[in-house]
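**Q** The structure is given below, and queries will be raised subsequently.
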Ligand SMILES: [Zn+2]
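In my numbering, the protein residues as written are 8 to 287.
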């Protein structure tokens with residue numbers, strides 16, 4: 008039984024001399040069990056696409072107006088909803104979906120994750136997802152950190168649950184009381200570039216500057232040749248899918264086959280581990 012013997016020896020060798028985590032794996036790579044979540048703030052692409060994201064909703068007053076504007080310009084976006092707002096306005100989940108938009112998780116109560124216990128972190132993340140599903144929405148796979156705060160336990164849990172954390176590369180600061188439509192427009196038009204992710208808000212109060220800015224930004228960006236898309240659509244245009252299949256650890260620096268050629272592997276600055284701290 009040479010094969011059995013060889014297998015037993017290999018098994019024993021593996022126990023006695025385990026392959027260090029940084030060594031190249033000898034077996035085909037399996038989909039990763041992420042130890043920490045991954046964070047994306049933008050995506051490298053030549054395509055003139057910008058992802059718009061709206062946080063803190065759904066809101067009965069403002070979300071329908073945002074949807075109306077997006078549909079008018081055949082634009083898409085991702086709505087990072089708060090669980091407790093979904094419980095208040097569950098019908099909005101159907102409206103967001105039937106308008107062709109994407110839904111992401113923004114926590115159950117919008118608690119800053121560094122201010123609460125690991126148990127509460129878990130309740131925030133899973134509670135937010137449960138609220139979306141209970142309202143008829145899809146199980147979310149994108150997470151946005153309230154306030155941009157991450158902790159060690161939240162990063163591990165988000166990774167374990169299969170989330171990718173979505174940051175932003177264009178901060179409109181439309182949540183400020185001093186925000187004006189003109190300033191929001193200026194920020195976006197100045198920083199617009201392929202693959203960027205814009206953060207805006209459709210929840211909370213006083214969203215008029217956001218709505219006015221959006222009504223100007225959508226045609227302005229369209230006239231420059233940009234397509235406004237959801238985060239999911241932007242990711243489809245990237246190597247995200249290939250990278251997601253890579254295991255954690257040193258393989259994070261490996262490049263997908265399409266980019267391998269003769270160049271050595273180097274880290275993807277756009278696809279990084281979610282480390283504890285504030286990500287803004
Ligand atoms: Zn928020």
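Where is the CB? At the ideal position from N, CA and C, for every residue including glycine.
Note that this is a predicted model, so its numbers are computed, not measured.
1. Quick one: what does DSSP say residue 234 is sitting in, helix, strand or coil?
2. Name the DSSP beta bridge partners of residue 49, please?
3. What are the boundary residues of the beta strand (DSSP E) that includes residue 56?
4. Ends of the alpha helix (DSSP H) at residue 135?
5. When DSSP builds the beta bridges, which residues end up paired with residue 88?
6. Which class does residue 81 belong to by DSSP, given the choice of helix, strand or coil?
7. Residue 220 by DSSP, collapsed to three states: which one?
8. With C-beta atoms as the reference, is residue 151 less than 8 Å away from residue 43?
9. Under 8 Å, do residue 149 and residue 85 count as touching if we go by C-beta distance?
10. Please report the residue range of the alpha helix (DSSP H) in which residue 190 lies.
11. Going by DSSP, what residues sit across from residue 284 in a beta bridge?
12. With DSSP as the reference, identify every bridge partner of residue 171, one or two as the case may be.
13. Starting from residue 102, trace the alpha helix (DSSP H) in both directions and tell me its first and last residue.
14. Determine contact between the region 119 to 133 and the region 92 to 102, defined as no fewer than three beta-carbon pairs at a distance below 8 Å.
15. Based on the DSSP output, what are the partners of residue 279 in its beta bridges?
16. Less than 7 Å between C-beta atoms, sequence neighbours within five positions excluded: which residues of the same chain meet that for residue 184?
17. Just to confirm, does residue 117 get its C-beta within under 7 Å of one of the non-hydrogen atoms of ligand 3?
18. Got a sec: does ligand 1 put a non-hydrogen atom nearer than 7 Å to the Cβ of residue 63?
19. Indicate whether residue 54 and residue 283 have their beta-carbon atoms separated by less than 8 Å.
20. Mind checking whether the beta-carbon of residue 71 lies closer than 7 Å to any heavy atom of ligand 1?
21. Taking the alpha carbon of residue 105 as the point to measure from, which residue in 88, 83 and 112 has its own alpha carbon closest?
22. My output table needs one value for residue 121: the three-state DSSP class, helix, strand or coil.
23. Please name the residue, chosen from 147, 220, 51 and 188, that lies closest to residue 168 on a Cα-to-Cα basis.
24. Note down the Cα distance separating residue 109 from residue 285, rounded to an integer number of angstroms.
25. For residue 68, does the count of other Cβ atoms within 10 angstroms reach 16, so buried, or fall short, so exposed?
26. Express the C-alpha separation of residue 117 and residue 57 in angstroms, rounding to a whole number.
**A** Considering the structure as presented:
1. In the structure shown, residue 234 sits in a strand (DSSP, three-state: E or B).
2. Paired residues: 203.
3. For residue 56, the enclosing beta strand (DSSP E) starts and ends at 56 to 62.
4. Following the DSSP letters along the chain, one finds residue 135 inside the alpha helix (DSSP H) bounded by residues 125 to 141.
5. Answer by DSSP bridge pairing, in chain order: 112.
6. Three-state result, residue 81: coil.
7. Correct three-state label for residue 220: helix.
8. Result no, Cβ atoms of residue 151 and residue 43 do not sit closer than 8 Å.
9. Cβ distance < 8 Å, so residue 149 and residue 85 count as in contact.
10. For residue 190, the enclosing alpha helix (DSSP H) starts and ends at 188 to 198.
11. Answer is 157.
12. Per DSSP, 45 and 149.
13. Taken as a continuous stretch (DSSP letters only), the alpha helix (DSSP H) holding residue 102 covers 98 to 105.
14. In this structure the region 119 to 133 does not lie against the region 92 to 102, because fewer than three pairs of beta carbons, one per stretch, are closer than 8 Å.
15. Answer by DSSP bridge pairing, in chain order: 46.
16. There are no such residues.
17. Judged by which ligands are present, ligand 3 is missing from the structure shown, whose ligands are ligand 1.
18. When distances are taken from the beta-carbon of residue 63 to the heavy atoms of ligand 1, the shortest one is below 7 Å.
19. No, they are not a contact pair.
20. Using a cutoff of 7 Å, the CB of residue 71 does not count as near ligand 1, since none of the ligand's heavy atoms is closer than that.
21. Looking at 88, 83 and 112, the one whose alpha-carbon comes closest to that of residue 105 is 83.
22. The DSSP-derived three-state label of residue 121 is helix.
23. Ranking the options by Cα distance to residue 168, first place goes to 147.
24. Those two C-alpha atoms are separated by around 25 Å.
25. Residue 68 comes out exposed.
26. Their Cα atoms are separated by approximately 25 Å.
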